[in-house]
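Asker: Dumping the structure here so I can ask a few things about it.
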Amino acid sequence: MDLSLLFFVKILVAVLAIIALMVANAVVMVYVERKAAGFIQRRPGPYEVGPWGTLQAIVDAMKLLGKQIFVPANVDYVLFFLAPVLAFFPVLLLFLPIPFGPYLTSWETPDGIILILAFAGFGVLSNLLAGWASNNKYGVLGAARAVSQSIAYEIPLILALLAVVYQAGTLDLSVIVEKQGSWPWGWNIVCQPLAFFIYLVCLVAETNRAPFDLPEAESELTAGFHTEYSGMGFALFFLSEYANMLLVSFVCAVFFLGGYKGPILDGFWWTFIKAYLIMFFIVWIRWTFPRVRFDQLLNINWKWLLPLGLLNLWITAIVIKVVG
Amino acid sequence: MPSFNFVNPVDFLNMADSPGTYAGDFYTLNFEKNATPGNVILNLGPQHPSTHGVLRVLVELYGEYVLRSEPVLGYLHRMQEKMGEVKTPYQFLPNMGRVDYLNPISWNWAFAGAVERLAGLEPPERAEYLRVISSELNRISSHLLWWGAFVMDLGGVTPILYAFEEREKINDILQIVTGSRLTYNYFRFGGVGADADSRFFQLVEEFIPYMRERLKMYTGLVTDNVIFRRRLEGIGPMDEDLCRRYGATGPILRAAGVMCDARRLSPYGIYDRFDYDIPVGPSNDCFGRYLVRLEEIRESLRILEQAVKSVPEGPVIVAKAPKPTYKLPAGETYFAVEGARGQVACHIISDGGKTPYRVKLRAPGFSNLSLFAEAAKGVILADAIAILGSLDLVIPEVDR
Amino acid sequence: MTEARITEVLKKAGALRITRPDWKKNGLRLSAEIAPEKIQEVCSLLLKEGYTLLDLSAAEFQEGFLATYHLDNFQDPFRLALRVLIDREKAEIPSVASVYQGAEWHERESADFFGLKFSGNPNPVPLLLPHDLPLPPPLLKKPEALASLSALNFLGDELYSAPPEKAGDEDRGKGDGKDA
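Those protein sequences? They're chains R, D and B, same order as listed. Here this note's numbering is used: the first residue of the first sequence is 1, the next is one more, and so on. Here this note's numbering is used: the first residue of the second sequence is 1, the next is one more, and so on. Here this note's numbering is used: the first residue of the third sequence is 1, the next is one more, and so on.
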């Protein structure tokens, strides 16, 4: 590994840029989500603050910043305050290996996807700590749900990505993008439709979004693991939720939708367009479907996605052996 | 059930930090007496997103399984029955709009009807028609709000806003005659408060086909959704025997296959003049109750259609309507109507004095909620929420 | 027809007096006076007949507390009122929650409002009022405001009255004053 000073400067700049991206993404997504929800629910959505309500997200953020952080009795102070931080910061690392554009990768590593999958586990750790430390039974139930859900859905997610990795023969994200080519029929969504579908389901479950938002199911657990968080603690969870959404959307764009490649003008704009289409899809289904039950959620995973993922992997392996 | 022992985090943390600070209130301690050590006692409510108001349900959880539950009432208790005893019937009538704010017309009818029975008043024809029209409109609006709230309990946030669109139209219509949009006080002893104009009837006529169209959309949007059906089918079966032991009425009972509707079986007002069906559920689970309520909206529309066409001209209140100081003649009466949630009834005992001697309000939600503890035994927490939602509770009515 | 059958059932269960109120005015088909210790038995017989307990409304009179159990049948509506006159000093009545589980709440409500005791109620804690309410039960009336049950006479035409030796030794059976 190249550990020169230049490398560190590059990583530092990248991390700063990623933080900016995450915050900008949250601001944009709050607005998009609320407007989309308004459209789906036949109401205007935010329209008071700024033109067409565009400043709503900023005002929301200011409100959260200005709010008192209420600490309930008998909490575990260290873990209570560590959890939102732990939810937010590991996500930074996950963006490092993503090839946004042809020459726009923070850290070109041959094992990019391993890094992402390894650090993605921090998200669930923070949920667990938040639920446990906040001395709230809803929190503990939410944390327990978060852990079993994330652990369960990580397996088919990895299996789906693994099929693509088999096909590409590499763990390097840039190479995977390059191998897919410029035209949509060359992208992995065409030759790995099952893996794409599995990934899409797992993506919603991994980011704890409706209809799989069991850890924070508001009609059962009030707010699940972040019941007791207010102000900045809540804002960090909120930020990390959108950052996680963005991350899985980028991974999806890279693995299945040709990344920065497009029919014309390769560049980071293609990655962003594709990722935000996926983001919009996540928002869309959130406002459309009711929530599944917890046992149903696990059944979907263990009885359908996992066998399908294994089958897909197996078929991929055979086809590669026979054809390649 | 999973063999997964849950340590109560509160106990755990208390042992570590400050022993003895956690005690729980009277009801928690009372509930805890019968709890198995190691299980979690969870307070759903009084402030909880899906108890719709201030219902509090104590549940004993083993993992996520509800072993036992006990609703705790009284957070919205206003002692309506005492108010009935210290006010003249005329003064007490507006309270009826507050007992159940989502279905006030039925309560109006129950109390006004009981007083009329005792006083021997016979409302004029036009008033009877207006009573039926307002009552059915109110039933639809109540069911609509339930529909949205129920789907929201299951995590679908969008439909309630669709339901509000229709509810808004009904509010507009009822506002013309009642003057209010929520706690209607429309009925008077011997008639109704205000006559309806042609605009009212025209709006009702326009509303009927519109609502039918919307019901089709509801089917496509929610009823046929696979997640929604999986959440409801087979959950919380309540058979006739259970309903009988708990006195549950309304859509719960009809979903259990019993055609019991006060409008049909012991007709009051002019309900015997209309041609309509009493929907009886295909199944006695949450989904059956859901379908029965949607079907009831359709039947209410049928009643409305017939009623609007045949409203006669004439006065809307009897010539010698009771004055505010009206004294009820001595005697006893029991009058039941079919509200949106079940049988709404009023039991009045009068000794001929200025105020009634005893007013007892029979709230359907009270009896319907009392079966929750038995129906929710051994289900998952999410199902318990679905069962609670399918009971269609309005807490002010339960607590009175 | 229903009336004859239900009258028979009530007679067998030991009703003290059965009357037929005016349906048009009272909204009740049949009213039966039951001795407090018989109420459970009557309820279980009526449950077998398909009756449900819709409501329990208590009221205070000079003669004591009158608990009225409103029962009805789902398929064949025939509204019954079972009246139990409860001694003022004892204010205790057997609970019917073992027959009609829904009665538990109705009884707790009456206990809140009137201070009645329902012996055998599975969960005898206040339901609607706070457990530490520093006031007497709210629906109790002042002694001068109490009405006389016999003067009110809302029970209707008499259909049946228990043989005098049975009703005679029951002190509370006298409060009906039916012969007006």
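Even for Gly, the Cβ is constructed at its ideal location relative to N, Cα and C.
1) Is the CB-CB distance between L127 (chain B) and R108 (chain B) below 7 angstroms?
2) How far does the alpha helix (DSSP H) with S370 (chain D) in it extend, from its first residue to its last?
3) I believe A110 (chain D) touches F335 (chain D) by the beta-carbon criterion, under 8 angstroms. Please report the beta-carbon distance rounded to the nearest angstrom.
4) Using a Cβ cut-off of 9 angstroms, which residues of the stretch 14-32 of chain R contact any Cβ in chain D, in chain order?
5) Please return the same chain residues whose Cβ sits closer than 6 angstroms to the Cβ of W270 (chain R), not counting the five positions on each side in sequence.
6) Among all the DSSP beta bridges, which residues are the ones paired with D55 (chain B)?
7) Does the beta carbon of W287 (chain R) come closer than 7 angstroms to any beta carbon on chain D?
8) Taking Cβ positions only, does Q41 (chain R) come closer than 7 angstroms to chain D?
9) Could you name the residues of the stretch 288-318 of chain R whose beta carbon sits closer than 9 angstroms to any beta carbon of chain D, in the order they occur along the chain?
10) Applying a beta-carbon distance threshold of less than 9 angstroms, which residues of chain B neighbour A345 (chain D)?
11) Measuring straight from C-alpha to C-alpha, what distance separates V84 (chain B) and D241 (chain D)?
12) Anything in chain D within Cβ reach of V125 (chain B), meaning under 8 angstroms, just list it in chain order.
13) Cutting at 6 angstroms between CB atoms, please list the residues of its own chain near R88 (chain B), excluding the five before and the five after it.
14) Check for me: the alpha helix (DSSP H) holding E33 (chain B) runs from which residue to which?
15) Determine the closest residue to V13 (chain R) out of R:Q180, R:A87 and R:L93, with distance taken between C-alpha atoms.
16) For A133 (chain R), name the three-state secondary structure that DSSP assigns.
17) E218 (chain R) and P49 (chain D) - do their beta-carbons sit closer together than 7 angstroms?
18) Mark T21 (chain D) as exposed unless 16 or more other C-beta atoms lie within 10 angstroms of its C-beta, in which case mark it buried.
19) Whose CA, out of D:L361, D:V222 and D:R400, lies closest to the CA of S57 (chain B)?
20) What does E187 (chain B) reach in chain D if we use C-beta pairs closer than 8 angstroms?
21) Any beta carbon of chain D sitting closer than 7 angstroms to that of A15 (chain B)?
22) Hey, V308 (chain D) and E205 (chain D): beta-carbon distance below 7 angstroms or not?
23) Starting from the beta carbon of I160 (chain D), find every residue of chain B whose beta carbon is closer than 9 angstroms, and list them in chain order.
24) Using a C-beta cutoff of 7 angstroms, does P215 (chain R) count as contacting chain D?
25) Quick check: what's the CA-CA separation for G24 (chain D) versus V75 (chain R)?
26) From the beta carbon of Y100 (chain B), is the nearest beta carbon of chain D less than 7 angstroms away?
27) Based on Cα-Cα distance, which residue from D:S180, D:Q202 and D:F201 lies nearest to G193 (chain D)?
28) Thinking C-beta only, is R298 (chain D) closer than 7 angstroms to A181 (chain B)?
29) Straight-line CA distance for E49 (chain B) to A112 (chain D)?
30) May I ask whether a heavy atom of the ligand FMN can be found less than 6 angstroms away from the beta carbon of L310 (chain R)?
31) With three or more C-beta pairs closer than 8 angstroms as the rule, is the stretch 228-247 of chain D touching the stretch 372-386 of chain D?
32) Compare the C-beta of P77 (chain B) with all C-beta atoms of chain D and state if any pair is closer than 7 angstroms.
33) Using a Cβ-Cβ cutoff of 7 angstroms, what residues of the stretch 349-365 of chain D are near chain B? List them in chain order.
34) Which stretch, first to last residue, makes up the beta strand (DSSP E) that contains N43 (chain D)?
35) According to DSSP, F335 (chain D) sits in a beta bridge with which residue or residues?
36) What is the DSSP secondary structure of F65 (chain B), counted as helix, strand or coil?
Answerer: Looking at the coordinates:
1) In this structure, R108 (chain B) lies closer than 7 angstroms to L127 (chain B) by Cβ.
2) Under the DSSP assignment, S370 (chain D) falls in the alpha helix (DSSP H) whose first and last residues are P364 to S370.
3) Confirmed, about 6 angstroms.
4) Within the stretch 14-32 of chain R, no residue has a Cβ lying closer than 9 angstroms to any Cβ of chain D.
5) Answer for W270 (chain R): Y260 and G262, listed in chain order.
6) Note: D55 (chain B) sits in a beta bridge opposite B:H70.
7) So, interface residue.
8) It does; some Cβ of chain D falls within 7 angstroms.
9) Hits within the stretch, in order: T288, F289, P290, R291, V292, R293, F294, D295 and Q296.
10) Neighbourhood of A345 (chain D) in chain B, by CB distance below 9 angstroms: G27, L54, D55 and H70, in chain order.
11) Approximately 25 angstroms between the Cα atoms of the pair.
12) Under a criterion of Cβ atoms nearer than 8 angstroms, the residues of chain D adjacent to V125 (chain B) are, in order, F26, Y27 and N30.
13) Non-local C-beta neighbours of R88 (chain B) in its own chain, meaning closer than 6 angstroms and more than five positions away in sequence, comprise G64, ordered along the chain.
14) Following the DSSP letters along the chain, one finds E33 (chain B) in no alpha helix (DSSP H) but inside the beta strand (DSSP E) bounded by residues L30 to I34.
15) Here the closest residue by C-alpha is R:L93.
16) It is helical.
17) Against a cut-off of 7 angstroms, the Cβ pair of E218 (chain R) and P49 (chain D) comes out as a contact.
18) Summary for T21 (chain D): the model assigns pLDDT 46, below 50, so the residue's position carries little reliability; its value from the coordinates is reported in the next sentence. That one is exposed.
19) Closest by alpha carbon: D:L361.
20) Since the first residue shown for chain B is 1 and the last is 180, residue 187 (chain B) is missing from the structure and cannot be characterised.
21) By this cut-off, A15 (chain B) is not an interface position.
22) Yes. Within cutoff.
23) Close partners of I160 (chain D) in chain B (Cβ separation under 9 angstroms) are lacking, with about 29 angstroms as the shortest Cβ gap.
24) So, not an interface residue.
25) About 17 angstroms.
26) Closer than 7 angstroms to the CB of Y100 (chain B) there is at least one CB belonging to chain D.
27) Nearest C-alpha to G193 (chain D): D:S180.
28) Since the displayed chain B opens at 1 and closes at 180, residue 181 (chain B) lies outside it and no answer follows.
29) Rounded to whole angstroms, E49 (chain B) and A112 (chain D) show a C-alpha spacing of 32 angstroms.
30) Among the ligands in the structure shown, none appear at all, so the ligand FMN cannot be discussed.
31) Yes: at least three Cβ pairs fall under 8 angstroms.
32) Output row for P77 (chain B): interface = yes.
33) Going along the stretch 349-365 of chain D in chain order, one finds I349, D351, Y357, R358, K360 and R362 with a Cβ nearer than 7 angstroms to chain B.
34) Counting along the chain, the beta strand (DSSP E) containing N43 (chain D) begins and ends at V40 to L44.
35) According to DSSP, F335 (chain D) shares a beta bridge with D:C346.
36) F65 (chain B): strand per DSSP, three-state reduction.
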